[in-house]
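Enquirer:
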Amino acid sequence: MLDQLKKDAADRMHKSVDATAKELASVRTGKASVHLLDSVKVEAYGSVMPLNQVATASSPEPRLLVVSAFDKTTVGDIIKGIQKADLGLNPIADGATIRIPIPALNEERRKELVKHCKTVAEDGKIAIRNIRRDANDHIKKAQKDKEISEDQEKDLHDEIQKMTDEHTKQIDEILVKKEAEVMEV
Numbered sequence: 001m002l003d004q005l006k007k008d009a010a011d012r013m014h015k016s017v018d019a020t021a022k023e024l025a026s027v028r029t030g031k032a033s034v035h036l037l038d039s040v041k042v043e044a045y046g047s048v049m050p051l052n053q054v055a056t057a058s059s060p061e062p063r064l065l066v067v068s069a070f071d072k073t074t075v076g077d078i079i080k081g082i083q084k085a086d087l088g089l090n091p092i093a094d095g096a097t098i099r100i101p102i103p104a105l106n107e108e109r110r111k112e113l114v115k116h117c118k119t120v121a122e123d124g125k126i127a128i129r130n131i132r133r134d135a136n137d138h139i140k141k142a143q144k145d146k147e148i149s150e151d152q153e154k155d156l157h158d159e160i161q162k163m164t165d166e167h168t169k170q171i172d173e174i175l176v177k178k179e180a181e182v183m184e185v
């Protein structure tokens, strides 16, 4: 039971780190990244679907994204989806492909993005601390029900705290890299 509790907490913390990293990857920087388009939803064929189901995205140059529609009839829908995603991008149709120039960020916008990145990272840390709290509650309950000794309880609390610290540190490292990426001119 205790091993399962530790494994469950570690898995959930790892998923929180992954989710935070994925969300930070979609934050716009000065460079073109296909991850910018991860949040784009396209209304095509009578339903709403992610961009990657109707087109492929690539980054042939540092300041340009190219989206190639699988079906030429969806180009207009893809452009609408990109504009609706409110990424501050202006797609340009060119046959079945869409060119998206990535404008350079000004200093004020960079600072806003860094602030947003810090908020995302803090949300990830809060999720990890909530997982720690849940695990500690289970440990306390097990000790109260005399399933484990006080020494085991203390050891488990220490292990859960160590996991929490490790995962929080991972989020901090991801945030530092992303901040450097955003502030890079």
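Using my numbering, read the sequence shown as starting at 1 and increasing by one per residue. Just so you know, even glycine gets a beta-carbon here, dropped at the ideal spot from N, CA and C.
Quick one: is proline 91 buried, meaning 16 or more other Cβ sit within 10 Å of its Cβ, or exposed?
Expert: buried
Enquirer: Okay, do the stretch 102-120 and the stretch 41-51 touch, 3+ Cβ pairs below 8 Å being the bar?
Expert: no
Enquirer: When the Cα atoms are used, what is the spatial distance from tyrosine 45 to lysine 84?
Expert: Roughly 18 Å separates the two Cα atoms.
Enquirer: Which class does alanine 19 belong to by DSSP, given the choice of helix, strand or coil?
Expert: helix
Enquirer: Excluding five sequence neighbours on each side, which residues of the same chain lie with their C-beta closer than 7 Å to the C-beta of glutamate 181?
Expert: Thr29
Enquirer: If I follow the unbroken beta strand (DSSP E) through valine 182, where does it start and stop?
Expert: From DSSP, valine 182 is part of no beta strand (DSSP E) but of the alpha helix (DSSP H) over 150-183.
Enquirer: Between Met13, Ile100, Asp137, Gln143, which has its C-alpha nearest leucine 65's C-alpha?
Expert: Ile100
Enquirer: Which ranges would you report for the beta strand (DSSP E) in the stretch 50-80 if only whole runs of at least 3 residues count?
Expert: 55-61, 64-69
Enquirer: Is threonine 119 helix, strand or coil by DSSP?
Expert: Correct three-state label for threonine 119: helix.
Enquirer: Under the rule that 16 or more other beta-carbon atoms within 10 Å means buried, what is arginine 132, buried or exposed?
Expert: buried
Enquirer: Quick one: what's got a C-beta closer than 6 Å to threonine 74's C-beta in the same chain, skipping five residues either side?
Expert: Ala44, Val54
Enquirer: To the nearest angstrom, how far is the alpha carbon of isoleucine 17 from that of serine 47?
Expert: Residue identity check: residue 17 is valine in the sequence provided, not isoleucine. Straight-line Cα distance between these residues: approximately 31 Å.
Enquirer: Quick check on DSSP: helix, strand or coil for isoleucine 139?
Expert: helix
Enquirer: Quick check: the Cα distance between aspartate 134 and serine 59, rounded to an integer number of angstroms?
Expert: Going by the C-alpha atoms only, they are around 42 Å apart.
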